[in-house]
Every structure is written in C-alpha cells, then in structure tokens.
Amino acid sequence: MTLLQELESRLAAALTATLGESTTAAVTAAADLRFGDYQSNAAMVLAKARKTNPRALAQEIIDHLALDGLATADIAGPGFINFRILPTAYAARTAALIRDERLGVPATGTGKTVVIDFSAPNVAKPMHVGHIRSTIIGDSLSRIARFLGFTVIADNHIGDWGTQFGMIIYSWNHFLDEAALATDPIPELVRVYRLVNAAAKEDPSVLETCKAELVKLQAGDATNLAIWKQCIEVSQNGLQKIYDRLDVKFDHWLGESYYNDRLAGLVDEFLERGIARESSGAICIFSDHSKPLEEDPFMVHKEQGWTDNPAIIRKADGGFLYATTDLATIQFRIDEWKADHIWYVVGVPQQLHFRQLFDAAARWGKTGDFKHIGFGSILGDDRKLMKTRSGDNVGLIEVLEEAVERAAKVIADKNPDLQGEEAAAIAEIVGIGAVKFAELSQNRLTDYVFSWDRMLALQGDTAPYLQYSHVRIRSIFRKLDAPFDATTAEIHLNEEAEIHLARLLVRFGEVLPTILEDFRPNLLANFVLELARAFHSFFEACPVLKADESTRSSRLALCELTSRTLKQGLYLLGIKVPDRM
RNA sequence: GCGCCUGUAGCUCAGUUGGAUAGAGCACCCGCCUUCUAAGCGGACGGUCACUGGUUCGAAUCCAGUCAGGCGCGCCA
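Quick note on this note's numbering: the first sequence kicks off at 1 and runs consecutively.
Written out as structure tokens, the structure reads:
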C-alpha cells in the first residue's frame, strides 16, 4: 500500500466514525510543503453538502483520526486537513523500498492486454521531426504499461500500402539510379520521391499514370509487386536503424498491407448488415442517429445546416481506404491478440477519424477500451504545420546526429579525461536522451514550433541534468573502499535535504499509475526532475563518505535507492543513464 | 458556417482535474569549487493566468460570450 493509500484508508475510517456512515475522500500530495506532505479537502466538501462549518467538521474528523506513528494532522485555512509525515515513517518506508524490486509501484495492469499503436511511418519516406512525438510518447507509454503489469503488444502499423505507391512505382520506373539504391538506399528513395512529386505538379498526366500503376499493383501485377516488396524491405531496414538508435522496440510490424485480403469481405459484411451503404458510387458508413447531433461523428454542421459526414470504406473506383484497414485491424487485434485495450498514439488532427472508427467498430460488435491518444502538432517557423509532402522538413536522423554532436562538444569541454569510444558512447546516450526528454517533459497536447535549441538543450530541466545526478551517485560508490549492502542498512533522516529526498522516493509508486489515467508521460518527467533536484540539494548539503559510520550507512542506502528509482524512471521514459559523463 | 485544440513571467513551458501567497527552465543580477564530478548548489528579479460576465466558502481550472493562432469537416493517410 502506498503512503497515500494508507492515509486515505485512515481518513476513511475517521470519516465513517464521525459521520456515522461509510464515507471515503481523496488525499493528495500537498501543493506546497509549508502545508505539510499530504492534504485533504474532505471537510470542506462534506460541510458544503451538510451546510455545517467546515473547520468544526475538520476538527471532529481529526479527533477520530488514528495516525499513530505515521503522521500528524492539523487544520488550516478554510478547513484543509494537512498531514505531516513523521521522519521515522519515511525512514521505515524507504528502508522497505530498498528491498522491493518494484520500488513501491503497484501492478495495476495485471491480466489485461493492451495493444499500443504508435510511430507508424509511411515507408519510402524518411522519418522527419514530425514522427518523433508518436514514436517517443508511444514507446514510453509501452514501457510504463508493461511495468504496471499489463501485457503490452507494441505494433508498428506502418503505411506500406496506399495511394503513395502509385507515385513510388512511377518514380522507380523513371528516375531510379540502381547503383545509388545499392549503396545508400534511403537518400535515393527520398530523391526519386521528390522528383515524382515535382513532376506530378507540373504535368497532370503523370498523376494519371501513377494512379494506373497503383491499380495494377492492387490487382496483383507481378512487376509492380516486386518493386513494392523491394521498396518495403529497403525502407524497413532504414527505419530499423533509427529505432535501434532510439532504443525503441516493437513486438510486431503489421502494416496496412497485412490486412489487404480482409478488406473486400469486411465491406461486404458491412453492406449485408446495413451498417454501410452505397452513395455516389462509394460505400459509406452513415450515422445510425443513436446520438444527439452534436455528439455524432457522422454528422457535421455546415452552411446549409446539419449534413451527413460519412466514413468511406470503399471508393467509387473500388479502392479501399484507411478506415477500412483500421476496422480490419481492430478485428484482428481483438480476435487474434485478445486485446482488452487498443491505444492509438496519433496526432490530434485525426481525432474525427478515430471517433468514427470507434463508433463504427462498436456498431460492428467489436468492443473494448479504444483510446485515441492525440498529440499536438510540430509547427514550422511560420507557425504553420510542418508539411509531410514537401520533403523539406528537418529529418529525424539529422536531429539525432546534431544532438549527439552537441553532447560530444560539451563532454570534450567539461570532462576531457573521457576519450575515444567511451566519450562517443556517452555523447550518444546524452544527446538522444536530451531529444527524448524535450518531448516527454511537455504536455502532449501542446503544439510547438520546432527549434534546435529547444530540442537539444543540455542544461537546466533536461535529460543531461537527470543523467548527471545518476553520475554523481555512482561516483560516490566508486570511491567506496568496501562493498555496501543497502538492504540491511538502517535509515535515519535528520537533515531537511534527507527528508525531502525520502519524501519523493516514497512517491514513485503513487505517481506512476496516474500517468495512464490520461496518458501523460510528462508527469513522470516532472517526477524525475523533482527527484534529481532533491538529490543535488542533498549532495551539496550532506556529505556521505565523510559522515560518521551510522549516518554514512544511512546516506549510502538513500543514494542507492535514489539511483535505482532515477534509473527506473528514466528507463520508463526510454532514456539511458551513463556511469560517467 | 460547425467542431476540436491552444492562449500563463522577456523567451520556452508546467500547473496533480475546483483549493491556500500561480510554479520550473532559459536569459539577466548576486554569492558558492583545497572537501563524494560546478552539465551543479543557494539567493534576487520577473504575473491584469488573452478579454468580459457568471456559478460558490474558493476559479488559470467549470459555464456563456468576445478576440487571436493552429487543425479538421466524401472518395489521401
């Protein structure tokens, strides 16, 4: 049980005794340390309903509160009940955490299977900065869900089938340099893709040819299929290199093409069951009018008033769309993988699509907890959306390389003792970590303007700051003359810096489950920052190695627990920690 | 036209779902390396939470309206 749950349970007992009926209320971490460690506004809420004086009620509750050995409680302001945890209680808790592999984190997801759909780039196009959000947020959520006990299936639903392949095949037939493809394939793919885009803009007949190539491909034309296969393979190799560098792993890469042979049957089934019908030659899902107009994703208000806003699952020319593929994918994930939850980490502009998708899936009888985890857009300098098609975006690889280069410069400057491969390995960890943390420390819904300095900052609230605190801890243990067993150490907390460190260490298990309530890895980022700040203050204020034997042992144990918690927190954000930097 | 997202310190952003005197980092200013790594620590400065009303013990947070920016609304994904 976490400290917070312990307080809630004791408060519930006191409330029940005071009011004569079973009552519970929430306890939260205090907003400000001056008010103690935890607080509850139960008295104010309950007094309102009962029209009594909140402070008087709070006093009654406190009179019934049994906090022996754990905390003290008092009333403040309009009727808050503030809890101050006793240092001895923190000491006992931290000592127990050292012996707990889970660091106090409850396994709230046990027995549940979740499919997380993230990254999902289009093949034959390089990943640019716009892909970073889905990839990094999705990976972090996967790690967190796994640690909380969920069975996680990370699925990279790559865009390997669709309209763009008409253009790709055209470009292979007209522009491809085989030699360049053999030596360095990705830049060559980029080059020819840009050429065909430009050509199609100039000459509408090129676009027609592209469409014809697509129809041939979808009809199973052997030549086009061979081009398609080779293109996928080359692209996947290129993508894999980026994922390796980012330390992002998938359990499956089931792209759009995997669901091809299910689409025709799916459309037939929707027609038979009356969920979809023909309109202007296309097969569409319309509203079933079971919802109010304002909440209905298949209705939209335009100048003329409310009109249909259907999801098309088969074009007039017979082609299928991504709504079709996504429906087939939901069916597969539920039937084959027994998914209880499906989480899509996809930009917020697509939310209408997901509302329609989830609604249609429900009408089809596919039930589960489906969530669209949206995120804001990355904007260019003009505050406009970065365009996917223009090809002039900053590439993801370039960002990573620049990050590592900047980190290498700082290492050379700050710690010239580090040389060669060791320095390069640290630069990689620091640079990539900085990029990831810049993304994860922010609320996912916020749009932001891309900026090198912002994404690659190495000072202040950044990954290197966190990594540096770990390095400082390891440095203490390196200077230790004999091995230290933290599991048997006694912990005494006297200095304010020690107590504050313990306060945060105990909170790890409280913070982690809340992240999945609204899919906000930035809560974890905030937590590790606070923990690192607390450690740095402790490091300045409290000598470890030079302290007397009992204090030394207690502080070493605190350092050990801090090191593990920090490392685990960063691991869950997908960020590695070096031992030196 | 309708819908969704956003508007908080000079800049970049948090803000635990309605709580107490709104917080960090960057930048600027003042201190701290003969002691476990100064990528650090301590302090100062900095606010009409876009605006106007409303709801209540209490609002950056909820409701209504206004202004500004981004995005979406039938055969792309």
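From the three backbone atoms N, C-alpha and C, an ideal C-beta is built for every residue, glycine too.
Hey, out of Pro187, Lys125, Ile137 and Ser140, whose CA is closest to Gly159's CA? Lys125
Which same chain residues end up closer than 7 Å to Leu321 when comparing Cβ atoms and leaving out the 5 residues on each side of it in sequence? Ile312, Ile313 and Lys315
Quick one: residues in its chain with C-beta nearer than 6 Å to the C-beta of Thr388, no 5 flanking neighbours on either side, listed in chain order? Bear in mind that a pLDDT of 47 at Thr388, under 50, signals an unreliable position, so the model cannot answer this.
Within its chain, find whatever has a CB closer than 8 Å to the CB of Ile411; leave out the 5 residues flanking it on each side and keep chain order. Leu418, Ala423, Ile426, Ala427, Val430 and Met581
Looking at the strands, I want to know which residues DSSP matches up with Ile429. The partner list for Ile429 (beta bridge, DSSP) is empty, contrary to what the question assumes.
Look up Val267 in the DSSP assignment and say whether it is helix, strand or coil. helix
So, helix, strand or coil for Thr151, using DSSP? strand
Arg93 in three-state terms, based on DSSP: helix
Cα separation between Tyr571 and Leu7? 29 Å
Alpha carbon of Glu401 to alpha carbon of Leu440, nearest angstrom: 19 Å
Let me know if Ser390 comes out buried or exposed under the rule of 16 or more other beta-carbons within 10 Å of its beta-carbon. Confidence at Ser390 is low in this model, with a pLDDT of 43, below 50, so the placement of that residue is unreliable and no value is reported for it.
Selected residue, minimal CA-CA separation from Met167, among Asp139, Gly365, Leu148 and Leu214: Leu214
Report the option in Leu524, His341 and Gln442 whose CA atom is closest to the CA atom of Gly111. His341
Would you list, in sequence order, the uninterrupted alpha helix (DSSP H) runs of no fewer than 4 residues that lie entirely inside the region 446-485? 452-455 and 463-478
For Phe39, report the span of its beta strand (DSSP E) as first-last. The question names Phe, yet the displayed sequence has Gln at residue 39. Unbroken beta strand (DSSP E) run through Gln39: Tyr38 to Ser40.
Cutting at 6 Å between CB atoms, please list the residues of its own chain near Ser553, excluding the five before and the five after it. Ala489
DSSP bridge partner residues for Phe583 (one or two, in chain order): Here the chain has residues from 1 to 581 only, and residue 583 is not among them.
Measuring only the C-alpha atoms, how far is Asn156 from Asp100? 34 Å
Straight-line CA distance for Thr94 to Leu561? 8 Å
On a CA-only basis, which of Ile132, Gly318 and Ser235 is nearest Ser280? Give me that one, please. Gly318
Inter-residue Cα distance where the pair is Leu352 and Pro297: 7 Å
Checking 8 Å against the spacing of the C-beta atoms, do Thr18 and His64 come in under that value? yes
Local Cβ density within 10 Å of Pro78, reported as buried at 16 or more and exposed below that: exposed
Helix, strand or coil at Ala362 [DSSP, three-state]: helix
With respect to the alpha helix (DSSP H) encompassing Glu295, which residues constitute its N-terminal and C-terminal limits? That residue, Glu295, is in no alpha helix (DSSP H); it is neither H nor E in DSSP.
For Ile432 versus Leu246, is the C-beta distance shorter than 8 Å? yes
At the level of alpha carbons, what is the spacing between Val196 and Asp382? 26 Å
Between the C-alpha atoms of Leu271 and Phe358, what's the straight-line distance to the nearest angstrom? 18 Å
Report, in whole angstroms, the separation of the C-beta atoms of Leu566 and Ala534, which I expect to be a contact under 8 Å. Their Cβ separation, rounded to whole angstroms, is 10 Å, which puts Leu566 and Ala534 out of contact at 8 Å.
Please list, in chain order, all residues of the same chain as Gln5 whose beta carbon is under 6 Å from its beta carbon, the five residues on each side excluded. none
If we count Cβ pairs, one from each stretch, closer than 8 Å, do we get three or more for the region 121-135 versus the region 514-522? no
Reference Gly395; option with closest CA among Gln459, Leu239, Ala276 and Asn415: Leu239
For the region 111-181, which segments carrying the alpha helix (DSSP H) assignment without a break, of at least 4 residues, lie completely within its bounds, in sequence order? 132-147 and 164-174
Per-residue DSSP class, three states only, for Ala282: strand
If you draw a straight line from the alpha carbon of Leu583 to that of Thr223, how long is it in whole angstroms? Only positions 1 to 581 of the chain appear in this structure, which leaves residue 583 out of reach.
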